[in-house]
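Here the protein sequences come in this chain order: A and B.
The opening residue of the first sequence carries number -17 in my numbering; numbering runs sequentially from there.
The opening residue of the second sequence carries number 3 in my numbering; numbering runs sequentially from there.
Step one of this worksheet: look at the structure below.
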Amino acid sequence: MLLATILFALGLIGLLVRRNLIFILMSIEVMLNAAGLAFVAAGAQWGQPDGQVMFIFILATAAAEVAVGLALVLRLHRQYKSLDVDAASEMRG
Amino acid sequence: MLKLLWLMPAIPFSSSLLLVLFGPRLAKKTAALLGVGSIAFAAAVSITVSATFLSARPPGDVFTQTLWTWMDVAGFQPHIGLYLDAISLVMTLVVTCVGALIHWYSAEFMIEDEGYSRFFAYMNLFVASMLTLLLADNLLLLYLGWEGVGLCSYLLIGFWYKDPANGAAGRKAFIVTRTGDTAMILGLALLVKQLGTLDMQELMGRASDQWQAGSPYALAAALLLLGGAVGKSAQLPLQTWLPDAMAGPTPTSALIHAATMVTAGVYLIARTHVLFSLAPLAQHLVAVVGIATLILAGCSALTQWDLKRVLAYSTISQIGYMFLALGVGAWSAAIFHFMTHAFFKALLFLGAGVIIDAMHEEHNIFKMGGLWKDLPIAFWTFLIGGCSLAGLPLVTAGFYSKGLIIWEARTSQSGSTALWLLAIAGVLLTALYTFRMIFVVFFGEAKIQVGKRPGYRMTIPLLALSALSIVGGFVQTPAALGNIHLFAGFLQSALPSVTERTVVSITEMGSEGLVTLAFLTGLGFAYLLYLRKPRYAAALSKPPFGKALHQFWFTDWGLDWLYERLFVRPVLWFARFDSSDFIDSLYTGVARLSELAYRALRSSETGKVRWYAAGIVFGAVLLVSMVSFL
């Protein structure tokens, strides 16, 4: 559990401080896996299979997320010629 | 064949709908085909239905067709139902046939207008509403048609909306008639409250069962309905909108503001004649309104220089005759005059359209002249229409219908010698202003070169209407002149005949003779003043008194001036004064507050994704800690 918490916190910090889109995606990946780890650990703790089922779900979600995310990254790179996330901040109110 | 009745309003309505939806994309030819064809179809249906009605009289001389129940609220169940009897038969026949001729005419008249399909859409909607009004079997459906024609009138007066003056004229017509309509809807509410139904026949039955003659309820209901009729039919004191309504295209003036819509008030009173018989005071008021309007408008018509405004005042004046007939209980005479008036007034307006077209949009009759050689068809048809309007004895329809009204104003129990004499004076005025117009426009020297000449599509309706303006009168003639009573006899099933006085000091021929004399006097004066010695006419309006009177009559007895000061300005002043009261500031306050909140929240929308992520994190932490610690 502790490991999962640390991993999640690392991912979160990475998400907030990094400006490179690839690193942000990787941080999200880390956070997802931390959540998965928490599920598996909780399942093992109480002897329930549900934790592992949830992990499979998370894997599927992560795969889809990466596919869409990488496509977006490609488009953004084409558009702005950089991977800096703050460059794409034209939609301000 | 009577079952086809519902097609009559349905066909023009659906074609209007089609023209509204697809109009701008249609070729002009298709739009005209749709617009004119639908009215021609309605006229064909109308003729078929009439033929069936006449050959095999339905029981009670009434045919009803209930289509569906409109609404059902606490026992109040108005139907969408059609009711055909002698009155609505005559009226629908006139409306569809004259309407078809006018539509045919406009197919050529409007050809160069960019709003061609829009024009036909409005005109068809008007015919559909008018037929709904005429065929309705209850007063609520009648009111729907009533408002429908009012809407179309507004739309068509402001048809050339790019000139703000036309829009103002449309609004004026709408607001003034709406004043009358408000009285009318109050009258309907009173009838529902007191008698529990709006179905025309049942209403009349219950009214005569429950109310005695002179009962205050009957009086109030009749007066309120009269208010509606006065507004729609442009009678005193609400007639001021009609002269301004001439801002619309000329076929509109012919169809709506002369032949059909403005006579809706006459129809309403004839329809609810039982109520008016129960309230003799209200009925007497109808006669007084009629006679006052016909004299006042006749005087105003004498001073106008705009061709269409002369005709507008003459319309007001002629509807005054119809009101006079209603007021003395000569119901069928009013409908008779409606019919002949529809023929000759539509003819005069269509003729005026031809003249104005030929004169390059010039409306001033004093700038025209000598047109009889250049526009022979327009001249002869206009002359026939004018003679019918003025009541040229023996040969024209107007003579017979007006003579009947004048005669019955004398002989009816509610008539009087004063009404009779004033009505004859009205004939003099009518002849005077009609021939003033004809002499000034068609004789004298030519001042403007004739431009456009009418094509066959414009002349055929003129010829057809002039034929009708002559033969239309031979369905009802006085005893000594053929003694034909087809018209009154036919209407007898729906409208009671006049209750006559026992002793009358003059014969019908004597009355007709006086009418003829008045006509000839008017014609003679017009000849003298406007053809023979025009300087006499100028001399009449030279001295201060003559000039003031001329100005007074020209401005319609100063009514516009009076209303402007009495109603328009106080209301505008109050609206301006009251535009920022307590309730208003409440609503502006709400608007201000939302604007403030919007500005505050807008600054958080930076477009920086990482800030959003941080926001989500912060929110999630807040939520989790709230759930776990509270």
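From the three backbone atoms N, C-alpha and C, an ideal C-beta is built for every residue, glycine too.
Since the model is a prediction, treat every value here as computed from it, not as a measurement.
Kindly list the residues whose CB is nearer than 7 Å to the CB of threonine 350 of chain B, restricted to its own chain and excluding five residues on each side of it in sequence; keep chain order.
-> Locating residue 350 of chain B in the second sequence gives position 348, counting from the first residue. According to the sequence shown, residue 350 of chain B is leucine rather than threonine. Counting only Cβ-Cβ distances below 7 Å, and skipping sequence neighbours, we find Leu313, Phe384, Gly387, Gly388, Leu391.
Leaving out the 5 sequence neighbours to the left and right, which residues in its chain are closer than 7 Å to lysine 195 of chain B when beta-carbon positions are compared?
-> Mapped onto the second sequence, residue 195 of chain B falls at position 193. Nothing meets the Cβ criterion.
Are three or more beta carbon pairs between the region 285 to 297 of chain B and the region 153 to 164 of chain B nearer than 8 Å?
-> Fewer than three pairs of CB atoms, one per stretch, sit closer than 8 Å, so the region 285 to 297 of chain B makes no contact with the region 153 to 164 of chain B.
What residues from the region 57 to 70 of chain A come within 8 Å of chain B, judged by C-beta to C-beta, listed N to C?
-> Listed in sequence order: Val67, Asp68, Ala70.
Compute the Euclidean distance between the alpha carbons of serine 334 of chain B and leucine 95 of chain B, then round it to the nearest angstrom.
-> Here residue 334 of chain B refers to the residue found at position 332 of the second sequence. Here residue 95 of chain B refers to the residue found at position 93 of the second sequence. Approximately 16 Å between the Cα atoms of the pair.
Under 8 Å between beta-carbons, which chain A residues line up against alanine 33 of chain B? List them in chain order, please.
-> Here residue 33 of chain B corresponds to residue number 31 of the second sequence, with the count starting at 1. Near alanine 33 of chain B there are no residues of chain A at all, since even the closest Cβ is about 47 Å away, more than 8 Å.
Could you spell out where the alpha helix (DSSP H) holding glycine 292 of chain B opens and where it closes?
-> Position 290 of the second sequence, counted from the first residue, corresponds to residue 292 of chain B. Unbroken alpha helix (DSSP H) run through glycine 292 of chain B: 282 to 305.
3 or more residues per run - each beta strand (DSSP E) lying fully within the region 92 to 142 of chain B = none
Burial state of glutamine 241 of chain B, where buried means 16 or more other Cβ atoms lie within 10 Å = What you label residue 241 of chain B is simply residue 239 of the second sequence in a count that begins at 1. Classification of glutamine 241 of chain B: buried, given that the 10 Å Cβ count is 16 or more.
Could you spell out the range, first to last residue, of the alpha helix (DSSP H) harbouring isoleucine 82 of chain B?
-> Here residue 82 of chain B corresponds to residue number 80 of the second sequence, with the count starting at 1. It is not in any alpha helix (DSSP H) - isoleucine 82 of chain B instead sits in the beta strand (DSSP E) that spans 81 to 86.
Beta-carbon proximity list for threonine 54 of chain B, same chain, < 8 Å, skipping 5 on both sides | Residue mapping note: residue 54 of chain B aligns to position 52 of the second sequence, counting from 1. Scanning its chain for C-beta atoms nearer than 8 Å, with the 5 sequence neighbours on each side dropped, one finds around threonine 54 of chain B the residues Met3, Leu4, in chain order.
Pick from B/Leu84, B/Leu493, B/Gly267 that is closest to glutamine 237 of chain B, judged by C-alpha positions | Along the second sequence, one-based indexing puts residue 237 of chain B at 235. That would be B/Gly267, whose Cα lies nearest to the Cα of glutamine 237 of chain B.
Proximity test, Cβ basis, 8 Å: glycine 617 of chain B and chain A | The count along the second sequence starts at 1 and reaches residue 617 of chain B at position 615. So, not an interface residue.
Excluding five sequence neighbours on each side, which residues of the same chain lie with their C-beta closer than 6 Å to the C-beta of proline 251 of chain B?
-> Within the second sequence, residue 251 of chain B is the residue found at index 249, counting from 1. These residues qualify, in order along the chain: Phe161.
Does the region 180 to 190 of chain B come close enough to the region 223 to 236 of chain B that 3 or more CB-CB pairs lie under 8 Å?
-> They touch, by the three-pair rule.
State yes or no: is the beta carbon of lysine 610 of chain B nearer than 8 Å to at least one beta carbon in chain A?
-> Start at 1 with the first residue of the second sequence, and residue 610 of chain B comes out as number 608. For lysine 610 of chain B, the answer is yes, since a Cβ of chain A falls inside 8 Å of its Cβ.
Report the three-state DSSP secondary structure of aspartate 308 of chain B (helix, strand or coil).
-> For the purposes of this step, residue 308 of chain B is taken as residue 306 along the second sequence, with counting starting at 1. Reduced to three states, the DSSP call for aspartate 308 of chain B is strand.
Near-chain B residues of the region -8 to 12 of chain A (beta-carbon distance less than 7 Å), N- to C-terminal order | Leu(-6), Leu(-3), Leu(-2)
Chain B partners of glutamate 72 of chain A, CB-CB under 7 Å?
-> By one-based count along the first sequence, residue 72 of chain A stands at place 90. Within 7 Å Cβ-Cβ: Gly609.
Can you name, in chain order, every residue of its own chain whose Cβ lies under 8 Å from the Cβ of valine 1 of chain B, other than the five neighbours on each side?
-> Because chain B spans 3 through 632 in this model, residue 1 of chain B falls outside it and cannot be assessed.
By the 10 Å Cβ neighbour count, where 16 or more other Cβ atoms means buried, how is proline 546 of chain B classified, buried or exposed?
-> Here residue 546 of chain B refers to the residue found at position 544 when the second sequence is read from its first residue. With fewer than 16 other beta carbons inside 10 angstroms of its own, proline 546 of chain B counts as exposed.
For the candidate residues B/Gly207, B/Arg567, B/Ile258, whose alpha-carbon lies nearest to that of leucine 352 of chain B?
-> By one-based count along the second sequence, residue 352 of chain B stands at place 350. Comparing Cα-Cα distances from leucine 352 of chain B to each of B/Gly207, B/Arg567, B/Ile258, the minimum goes to B/Ile258.
Where serine 418 of chain B and phenylalanine 15 of chain B are concerned, what is the direct C-alpha to C-alpha distance, given to the nearest angstrom?
-> For the purposes of this step, residue 418 of chain B is taken as the residue at position 416 of the second sequence. For the purposes of this step, residue 15 of chain B is taken as the residue at position 13 of the second sequence. Near 45 Å, if we compare the C-alpha coordinates of phenylalanine 15 of chain B and serine 418 of chain B.
Would you please state the rounded distance, in angstroms, between the beta carbons of tyrosine 221 of chain B and alanine 209 of chain B? I believe it to be under 8 Å.
-> Reading the second sequence from its first residue, position 219 is the one you call residue 221 of chain B. Reading the second sequence from its first residue, position 207 is the one you call residue 209 of chain B. One detail in the question is off: residue 221 of chain B reads as leucine in this sequence, not tyrosine. 12 Å between Cβ atoms; not a contact.
Nearest-angstrom beta carbon gap, methionine 263 of chain B and leucine 356 of chain B [assumed within contact, 8 Å] | Counted from its first residue, the second sequence places residue 356 of chain B at position 354. Counted from its first residue, the second sequence places residue 263 of chain B at position 261. In the sequence under discussion, the amino acid at residue 356 of chain B is valine, which differs from the leucine named in the question. Valine 356 of chain B to methionine 263 of chain B, Cβ: 22 Å. No contact.
In the DSSP assignment, what are the bridge partners of glutamate 597 of chain B?
-> Here residue 597 of chain B corresponds to residue number 595 of the second sequence, with the count starting at 1. In DSSP, glutamate 597 of chain B forms no bridge with anything.
Candidates B/Pro456, B/Pro480, B/Val97: which alpha carbon is nearest serine 513 of chain B's?
-> Taking the second sequence and counting its residues from 1, one reaches residue 513 of chain B at position 511. Of the candidates B/Pro456, B/Pro480, B/Val97, B/Pro480 places its Cα closest to the Cα of serine 513 of chain B.
Mind checking isoleucine 41 of chain B: buried by the 16 CB within 10 Å criterion, or exposed?
-> As a first step, residue 41 of chain B is located in the second sequence; it is residue number 39 there, counting from the start. Counting Cβ neighbours within 10 Å, isoleucine 41 of chain B comes out buried, since at least 16 surround it.
Cut-off 8 Å between Cβ atoms - residues of its own chain near isoleucine 82 of chain B, not counting five sequence neighbours on either side = As a working mapping, residue 82 of chain B is identified with position 80 in the second sequence. If we look at isoleucine 82 of chain B and ignore the five residues flanking it on each side, its Cβ neighbours are Thr68, Leu69, Trp70, Thr71, Trp72, Leu143.
Put leucine 65 of chain A into one of helix, strand or coil per three-state DSSP.
-> Walking along the first sequence from the start, residue 65 of chain A turns up at place 83. In this structure, leucine 65 of chain A counts as coil in the three-state DSSP scheme.
Taking the beta strand (DSSP E) that phenylalanine 65 of chain B falls in, what are its first and last residues?
-> Reading the second sequence from its first residue, position 63 is the one you call residue 65 of chain B. Segment 65 to 71, the beta strand (DSSP E) holding phenylalanine 65 of chain B.
Of the choices B/Tyr402, B/Asp359, B/Ala541, B/Gln494, whose alpha-carbon is the least far from that of glycine 475 of chain B?
-> Position 473 of the second sequence, counted from the first residue, corresponds to residue 475 of chain B. It is B/Tyr402 whose Cα lies nearest to the Cα of glycine 475 of chain B.
Buried or exposed for glutamate 410 of chain B, please, with buried defined as at least 16 other CB atoms from any protein chain shown within 10 angstroms of its CB.
-> Here the question's residue 410 of chain B lines up with position 408 in the second sequence. So glutamate 410 of chain B counts as buried.
For the alpha helix (DSSP H) holding leucine 625 of chain B, just list the boundary residues, first then last.
-> If you number the second sequence from 1, residue 625 of chain B lands on position 623. Counting along the chain, the alpha helix (DSSP H) containing leucine 625 of chain B begins and ends at 611 to 631.
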